[in-house]
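Heads up: the sequence shown is residues 50 to 243, going by the working numbering. Ideal Cβ positions, reconstructed from N, Cα and C, are used throughout, including at glycine. Below you'll find the structure, written out as structure tokens, and then a few comments.
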Amino acid sequence: MTLAALCLALVLGACQSGNSEKTPSASSGVTGAAGSKVGGGGTSTASTSPPRAIGQAQAGMIPVWLTSYAVHPWASRVDQAGRHTFTVSNRSLKQHSFAIIQFDGDPRTLPTSANLLATTQLKIVAQTEPIEAGREVDLSVELPAGRYVLTSLFAQDYIDGMAAAFSVGVSASGAAQPKQPIEGALGAYLLEYG
50 MTLAALCLAL VLGACQSGNS EKTPSASSGV TGAAGSKVGG GGTSTASTSP
100 PRAIGQAQAG MIPVWLTSYA VHPWASRVDQ AGRHTFTVSN RSLKQHSFAI
150 IQFDGDPRTL PTSANLLATT QLKIVAQTEP IEAGREVDLS VELPAGRYVL
200 TSLFAQDYID GMAAAFSVGV SASGAAQPKQ PIEGALGAYL LEYG
């Protein structure tokens with residue numbers, strides 16, 4: 050699903066003159082960032098950059114788009130454990146948070162309590178401060194091999210569907226992944242409001 054979103058963003062960007070937003074390139078790797086925020090009391094270190102206007106992702110980043118009802122990572126897995134940097138862009142009209150939770154099950158089955166995420170029962174590897182609409186941050190984190198859920202920690206966001214499977218060094222579980230377009234073909238995603 051992510052490749053088609055990239056293609057759609059490229060096509061829309063080419064059609065809109067004067068639009069200063071650029072489309073990030075899908076890639077993974079390591080990059081440092083300033084500041085830090087670690088959740089869940091784990092031993093992992095994570096760092097975030099200050100929020101900025103959405104622009105073109107730098108090389109070595111894993112782009113993630115937050116929309117009103119979904120988390121769209123541009124890759125559902127990386128092959129190697131280690132430090133990875135996520136460029137998290139809030140492309141909705143309201144504030145969201147972003148968290149990486151170590152979890153082996155279906156992303157839609159995180160423990161909840163009275164319509165709230167049961168954060169004391171979750172292993173939150175890293176998280177950002179709330180991200181305003183139209184802003185993006187970099188979150189750099191050390192990830193061991195395993196399965197994760199990328200989500201917003203705002204309870205209503207999670208209830209509305211903002212959760213995606215992500216894996217490091219293992220096959221991703223959950224929803225089927227979209228087909229990669231053949232060479233010379235253009236793929237497109239249909240998202241809410243786009």
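What is the DSSP secondary structure of Ala175, reduced to helix, strand or coil? In the sequence shown, residue 175 corresponds to position 126, counting from 1. The answer is strand: DSSP assigns Ala175 an E or B state.
As a quick exercise: from Thr134, Thr116, Ile111, Gly131, pick the residue whose alpha carbon is nearest that of Ala124. Numbered from its first residue, the sequence shown carries residue 124 at position 75. Between Ala124 and the set Thr134, Thr116, Ile111, Gly131, the nearest pair of CA atoms involves Ile111.
Skipping 5 residues on each side, what residues in its chain have a beta carbon closer than 6 Å to that of Val113? The residue given as residue 113 occupies position 64 in the sequence shown. Taking C-beta separations shorter than 6 Å and ignoring five residues to either side along the sequence, the partners of Val113 in its chain run Pro122, Phe135, Val137, following chain order.
So, for Ala204: in the same chain, excluding its five sequence neighbours on each side, which residues have a beta-carbon less than 8 Å away from its beta-carbon? Position 155 of the sequence shown holds residue 204. Beyond the five residues adjoining it in sequence on each side, Ala204 comes within less than 8 Å, by CB distance, of Thr161, Asn164, Leu165, Leu166 in the same chain, given in chain order.
Residue burial classification, Ala234 (beta-carbon count within 10 angstroms, cutoff 16): Along the sequence shown, read from residue 1 onward, the residue named residue 234 stands at position 185. Ala234 should be labelled exposed.
Since Ala182 contacts Ser141 with CB under 8 Å, what's their CB separation in whole angstroms? Numbered from its first residue, the sequence shown carries residue 182 at position 133. Numbered from its first residue, the sequence shown carries residue 141 at position 92. About 6 Å separates the Cβ atoms of Ala182 and Ser141, confirming a contact at the 8 Å cut-off.
Mind checking whether Ile180 and Ala148 have CB atoms under 7 Å apart? Working through the sequence shown from its first residue, we reach residue 180 at position 131. Working through the sequence shown from its first residue, we reach residue 148 at position 99. The criterion of a C-beta distance shorter than 7 Å is not satisfied by Ile180 and Ala148.
Is the Cβ-Cβ distance between Val120 and Ala214 less than 7 Å? Stepping through the sequence shown from its first residue, residue 120 is reached at position 71. Stepping through the sequence shown from its first residue, residue 214 is reached at position 165. Against a cut-off of 7 Å, the Cβ pair of Ala214 and Val120 comes out as no contact.
Can you check which of these residues, Gly218, Val217, Tyr197, is closest to Asp155 by C-alpha distance? As a first step, residue 155 is located in the sequence shown; it is residue number 106 there, counting from the start. For Asp155, the nearest C-alpha among the options comes from Tyr197.
Would you mind working out which of Ala194, Gln176, Gly195 sits nearest Asp12, comparing C-alpha positions? Past the edges of the chain, shown from 50 to 243, lies residue 12, and the structure says nothing about it.
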